[in-house]
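Asks:
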Amino acid sequence: MITGEKGFAYDPDQDKEEKRKIRKDYRKEIENAEQERANIAQISVDELQERVRRGDNLFANVKNPSEAVLDSHNLFLTSDIAAQKARAMRHDANAFDTDEFINKLVTLMRGRSEDTEEGDDDDRDDQGPLDWDIAGWRAVKHTRRVIGMDFMLGPLSVEQKKRVVTKRARIERNKEDETRPVELTEADIERAENETSKNVRDVLEILGAQQGSTNIFRLVINPHSFAQSVENVFYLSFSIRDGTVALEQDEETGDFCVYACEAPTPDDYDDNLKKKQVVLELDMETWQEAIDMLGITEPLIPTRAAARTRLGDKWYG
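Under my numbering, think of the first position of the sequence shown as 75, with each following residue one higher.
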């Protein structure tokens, strides 16, 4: 057995039945504390003191950490209950007791003294008339304001205003000026997909007609249209993804070049052929710089006619 400085005895060989009984008592105390914490108003100070004493008596037999943990939890709940009780008592200290005020007012208006003995219950229950003048003269001592006449709704000269509901005319908009969202049909989607596939094939055919590899910027740059240059990069990316176009860096010049090739077979991928992804950034500054450096005056990919889209009954180019 090991004894601490404050008398706590640690005994690993404590009787199991005694430990079981201590844990049972602690769990009962904890359960009661959790119930009492939900009903703070019903707990008195004496009951809190008795709870602390019971906890001290249980702790006197605690000799192992497991029981000490239960004691700590029980003490925490007790202190929390005491703190909530103290806050409630502080809030109620300045509370106005309406029932007590009315009882004293009735006693005063019936001509009794405020310090009437509590044993005089028969006189207290007497249903005699109330002298309001007594209460009035008591109140006059504490005010200099002239008493005016008023009622529940205020002075007689005040009339209750009736709410006037104004009707507002609804604004009718011209239906011809209303815009409706464009409804896309399956035919419209299929037409757009067919147009993309056609442009991908056109770019691949133009690249295949070139001798050897071609600088990627010389292929996709359209000096007359920045938008179509971006579109050319988009269409070329499909062929690179499918493996029908290869992108390599020239060892001598360091330029990135593309050329048409045959798509790899499954056997090629089995021989550790791997795909690589490259992000090509093309902004207005890069587009203009490529035109100046490469001296591009005419595009390899011809300028496409601007597509016209019909929205409602109007056409947009």
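Yeah, the Cβ is synthetic: ideal placement off N, Cα and C, and Gly gets one too.
1. Compute the Euclidean distance between the alpha carbons of residue 185 and residue 207, then round it to the nearest angstrom.
2. Inspect the CB distances between the segment 154-163 and the segment 127-137 and report whether three or more fall short of 8 Å.
3. Does the Cβ-Cβ distance between residue 352 and residue 321 come in under 8 Å?
4. Measure the alpha-carbon distance for residue 142 versus residue 122 and round it to whole angstroms.
5. To the nearest angstrom, report how far apart residue 129 and residue 172 are at their CA atoms.
6. Going by Cα to Cα distance, which pick from 377, 91, 174 is closest to residue 306?
7. The alpha helix (DSSP H) spanning residue 362 covers which residue range?
8. Would you mind reading off the limits of the beta strand (DSSP E) that contains residue 322?
9. Three-state secondary structure (DSSP) at residue 337?
10. When we look at the beta-carbon of residue 175 and count the other beta-carbons within 10 Å, is it buried (16 or more) or exposed?
11. Could you tell me if the beta carbon of residue 340 falls within a distance shorter than 7 Å of some heavy atom in the ligand ADP?
12. Could you tell me the distance, in whole angstroms, from the CA atom of residue 297 to the CA atom of residue 244?
13. Give me the DSSP bridge partner(s) of residue 330.
14. For residue 347, count neighbouring C-beta atoms within 10 Å of its own C-beta (all shown protein chains included) and say buried if the count is 16 or more, exposed if not.
15. Keeping to the same chain, check which residues put their C-beta closer than 8 Å to that of residue 126; ignore five residues upstream and five downstream.
16. Sorted by chain position, which residues of the same chain lie with C-beta nearer than 7 Å to residue 286's C-beta, five sequence neighbours on each side aside?
17. Going straight from the alpha carbon of residue 98 to that of residue 146, what length do you get?
18. May I ask you to report which of helix, strand or coil DSSP gives residue 302?
19. Which runs of the beta strand (DSSP E), 3 residues or longer, sit entirely within the segment 119-181?
20. Which of the three DSSP states, helix, strand or coil, is assigned to residue 195?
21. Tell me whether residue 139 is buried or exposed, calling it buried when 16 or more other Cβ atoms sit within 10 Å of its Cβ.
22. Taking contact to mean at least 3 C-beta pairs separated by less than 8 Å, is the segment 288-304 in contact with the segment 355-362?
23. Does the Cβ of residue 373 have 16 or more other Cβ atoms within 10 Å, making it buried, or fewer, making it exposed?
24. Thinking C-beta only, is residue 338 closer than 8 Å to residue 317?
25. Anyone know if the C-beta pair for residue 274 and residue 313 falls short of 8 Å?
26. Quick check: what's the CA-CA separation for residue 367 versus residue 272?
27. Apart from the five residues just before and just after residue 283, which ones in its own chain have a Cβ nearer than 8 Å to its Cβ?
28. Between residue 277 and residue 270, what straight-line distance do the alpha-carbon atoms span, to the nearest angstrom?
29. Please report the straight-line C-alpha distance between residue 289 and residue 259, rounded to a whole angstrom.
30. Using beta-carbon positions only, say whether residue 84 and residue 148 come within less than 8 Å of one another.
Replies: Considering the structure as presented:
1. 11 Å
2. no
3. yes
4. 20 Å
5. 40 Å
6. 377
7. 358-368
8. 319-323
9. coil
10. exposed
11. This structure lacks the ligand ADP; in fact it carries no ligand of any kind.
12. 55 Å
13. 323
14. exposed
15. 152
16. 333
17. 15 Å
18. helix
19. none
20. Because residue 195 carries a pLDDT of 49, less than 50, the predicted location of this residue cannot be relied on, and the following value inherits that uncertainty. Three-state result, residue 195: helix.
21. exposed
22. yes
23. buried
24. yes
25. yes
26. 30 Å
27. none
28. 11 Å
29. 40 Å
30. no
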